[in-house]
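In UniProt numbering, the protein residues as written are 1 to 210. Quick reminder that beta carbons are idealized off the backbone N, C-alpha and C, glycines included. Worksheet: one structure, shown below.
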Amino acid sequence: MSLETWLAFFAACWVISLSPGAGAIASMSCGLQYGFWRGYWNALGLQLGLVLQIAIIAAGVGAILAASATAFQVIKWFGVAYLVYLAVKQWRALPADISDESAVRPIGKPLSLVFRGFLVNVSNPKALIFMLAVLPQFINPHAALVPQYLIIAATMVTVDLMVMAGYTGLAAKVLRLLRTPRQQRRMNRTFAGLFLGAATLLATIRRAPV
């Protein structure tokens with residue numbers, strides 16, 4: 001991969017990562033609920049899902065999934081169901097009075113948060129098909145493919161980790177301003193609405209004609 005190609009891909013990665021989506025919503029939700037350091041485990045899960053999607057494309061399976069109406073629908077509706085589940089969970093999250101600075105934030109289990117982030121990314125067929133359309137533009141078919149995909153994966157993961165750190169940290173800062181259970185309940189319901197909005201958008205996605 002030439003330097004010029006990599007720089008173009010690097011710029012594209014920032015645009016892709018900064019675009020608001022289910023991953024950004026999940027990162028902000030975890031940052032709000034658990035704080036930065038605990039909530040950031042969700043971002044690691046998002047990257048595992050991203051790496052799996054890149055591996056699927058590199059293996060050529062992505063084209064098969066993109067062409068299969070059944071596979072597309074299964075992945076899509078699983079993603080919709082999971083986002084609805086997150087919305088319900090966020091809506092029902094119990095607020096705590098943190099007017100006392102020494103109050104302890106909820107402690108999320110790292111593996112649960114990693115798995116949560118992984119499911120958010122891996123259950124989005126739109127992201128898979130989008131990458132299937134974009135990544136080959138930065139691949140030189142006459143050069144070794146594995147090193148190129150490794151560079152692509154490392155670049156996308158690095159950029160996305162930085163972006164999700166921003167989303168998680170921003171939400172964690174907001175948590176300090178929520179002093180009463182009523183304020184927290186409003187914020188939880190706002191994020192529940194965002195998850196439902198993401199689920200609705202995902203449900204409206206149609207597979208492009210083959």
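- With respect to the C-alpha of L18, the residue from T190, A171, V134 and L161 having the closest C-alpha is L161.
- Counting only residues of its own chain and dropping the five nearest sequence neighbours on each side, A172 has a CB closer than 6 Å to the CB of G31, G35 and F36.
- Listed in chain order, the alpha helix (DSSP H) elements of length 4 or more contained wholly in the stretch 33–86 are 36–39, 41–58 and 61–67.
- Residue burial is scored here from C-beta neighbours: R92 has fewer than 16 other C-beta atoms within 10 angstroms and is therefore classed as exposed.
- If you ignore the 5 residues before and after M1, its C-beta comes within less than 6 Å of the C-beta of Q148 and I151, all in its own chain and listed in chain order.
- Under the three-state reduction of DSSP output, G21 falls in the coil class, being neither helix nor strand.
- A distance below 6 Å between beta-carbons, with the five flanking residues on each side excluded, links A24 to the following residues of its chain, in chain order: Y167.
- For G117 against L194, the beta-carbon gap comes to about 16 Å, at or over 8 Å, which does not count as contact.
- Classified as buried, A87 has 16 or more neighbouring CB atoms from the shown chains inside 10 Å of its CB.
- The shortest C-alpha to C-alpha distance from L52 to any of L196, T204 and M131 is the one to M131.
- In the DSSP assignment, I151 falls within the unbroken alpha helix (DSSP H) covering L145 to L175.
- When secondary structure is reduced to three states using DSSP, R92 falls in the coil class, being assigned neither helix nor strand.
- Here the C-alpha atom of N188 lies approximately 15 Å from the C-alpha atom of G39.
- Shortest Cα-Cα distance from L170 to any of A11, A8 and A26 involves A26.
- A distance below 8 Å separates the beta carbons of L113 and W41.
- In this structure L7 is exposed. Its beta-carbon is surrounded by fewer than 16 other beta-carbon atoms within 10 angstroms.
- Here G60 is exposed. Its C-beta has fewer than 16 other C-beta atoms within 10 Å.
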